[in-house]
Amino acid sequence: MFSSELPHHDLVLCNARLVTMCEGESGYQVSAPTSIGIVQGKIAFIGDIQPQPERYDCQGQLVTPGLIDCHTHLIHAGSRAHEFEMRLCGASYQTIAEQGGGILATVKATREASEQTLTELALPRLDGLLRTGVTSVEVKSGYGLTLADELKMLRAAKALEQHRKVRVTPTLLAAHAVPPEYQGRADDYVDYICQAIIPAVAEEQLATSVDVFCESIGFSLAQTERVFQCATAHGLAIKGHTEQLSNLGGSALTANYSGLSADHIEYLDETGVNALAQSGTVATLLPGAFYFLKETQHPPIESLRQADIPMALATDFNPGTSPFADLTLMMNMACTFFGLTPQEALRGVTCHAAKALGYGQTRGQIAPGFDADLAIWDIDHPADLSYQQGMPRLTARVVLGELNHA
Ligand code: NIG
Ligand code: FE
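The numbering used here puts the first residue of the sequence shown at 831, with every later residue one more than the last.
Put into structure tokens, the structure is as follows:
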């Protein structure tokens, strides 16, 4: 049977075995070879379609939703390799931060770089992600910490779309660290974020969400709440770096503000789990940072499962805690370190990652009406994405209906 209601498609992928990752599915749903008809960047039809010129034969390969990296710090300058060496000799991430290294070291280098340089520096990092099937990437600010430098970072992030076929979601993370000029005056810096940075970002529509590093070396619960209040008042969504190094209750606060996601969450307790469950906030796991900081506290995966909380998975690519531009490697780490199933890991980088960015209705699933963001893989089974690493397995990515060969 052929579709008659949609005579023209801009692109047809035929002979594709679809791994649809639709919400509510249990287990993998891998289809028999079929076709996807794409119209104006959207999936218009799935099934048998009349042969037509704009046609790509997937030759029976697997097609998943394009992978979504929902938490990165791709834009920054400078290297922190020496801090890695210090940590290997016993210094802790917190100690290095308290001595002016860590995030503030990257702030110094990033302030000195131009917007164009920041974009250029991020391209090879982005290329790493694209090689692992990424079609959407979230990029945070947070190494500028002045109005001008935060805006510069957000613009540099968005400019990545002019250089590569990818969809970028910039997030404001002005509350990442207290900058040197506000040392000892964190509350004054929060005033500055609320009075100057958030209004400008909202006005210029440079970000859709606001994130806060709620931690002893970041911002207190009260300071985090002030940022969340201001962001909400400006119509921006909420995300949190919460319960990464200790339990301050930042995830529950994020949930109370109907946050899109609480990220890291190694130290999340039952109260936090219940709060996330109530608000529908996504729990984002960042196994790269867990591994690179040699963390021993595991996120409460079984409690998250029991509470039916969607778990997303991301690289957290950044120079201090997760220098890994590889999203399928994170799937592998989530399985080995956190005990996710490969199926949960794939959900974490597709439909659940979409939800963590507020795109749950348009991205991360293969279904009519969803954006035509897809990845075509030369693999036998979807679990291979979590299993083997480091080999080129991506055949092509489709971004808003446009085919890009790997
Ligand atoms: O997600 N935790 C705070 N922010 C980053 C680390 C940033 C850095 O060390 O440069 C993270 O792990
Ligand atoms: Fe992060």
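Here a beta-carbon is modelled for each residue, glycine too, at the ideal position from N, C-alpha and C.
In terms of alpha-carbon separation, which member of the options lies closest to residue i?
i, options, result
"T1238", "G867, P895, D887, T1072", "An answer regarding residue 1238 cannot be provided, because it is not within the stretch 831 to 1236 covered by the chain."
"A1082", "K938, V1112, A1202, Y1022", "V1112"
"F1122", "P1149, R941, A1236", "P1149"
"V964", "R847, G1194, P1198", "G1194"
"T947", "G1178, L990, Q1053, D1156", "L990"
"A1186", "E968, Q929, T1054, C919", "E968"
"E1132", "A1155, E1125, E1100, M1161", "E1100"
"S944", "F914, S922, L981", "L981"
"Q882", "Y1019, E913, I866", "I866"
"R885", "H912, H903, A846, E855", "A846"
"L1115", "M983, G857, Y1217, E1174", "E1174"
"P1172", "A1197, F1147, Q1218, Q1136", "Q1218"
Measure the Cβ-Cβ separation of residue i and residue j and say whether it is below 7 Å.
i, j, result
"P1140", "H1071", "no"
"A986", "I905", "yes"
"G908", "T936", "yes"
"S1152", "A1119", "yes"
"V998", "K988", "yes"
"A1061", "A1085", "no"
"I879", "F1200", "no"
"P1117", "F1167", "yes"
"K1069", "S1039", "yes"
"N1234", "R1223", "no"
"V869", "H839", "yes"
"T1003", "S966", "It should be pointed out that residue 1003 corresponds to Leu in this sequence rather than to Thr. Cβ distance not < 7 Å, so L1003 and S966 don't count as in contact."
"A1144", "H901", "yes"
"L1157", "L959", "yes"
"L977", "A1016", "no"
"H993", "L953", "yes"
Using DSSP with H/G/I as helix, E/B as strand and the rest coil, what is residue i?
i, result
"G931", "coil"
"R885", "strand"
"L1159", "helix"
"E853", "coil"
"K938", "helix"
"F832", "Per-residue confidence for F832 stands at a pLDDT of 48, beneath the threshold of 50, marking its modelled position as unreliable; no derived number is given."
"N1234", "strand"
"N1086", "helix"
"C900", "coil"
"P895", "strand"
"T965", "strand"
Can you check DSSP and say which residues form a bridge with residue i?
i, result
"I1239", "Residue coverage of the chain in this structure runs from 831 to 1236, which leaves residue 1239 outside it and unanswerable."
"P1140", "According to DSSP, which records beta bridges pairwise, P1140 is partnered with nothing at all."
"C1044", "F1049, T1072"
"D1201", "K872"
"A1067", "S1039"
For this session: Counting only runs of 4+ residues fully inside the stretch 1092–1138, write out the alpha helix (DSSP H) ranges in chain order.
Result: 1100–1109, 1117–1122, 1131–1136
Exercise. Which runs of the beta strand (DSSP E) spanning at least 3 residues fall entirely within the stretch 973–1037, listed in chain order?
Worked result: 997–1005
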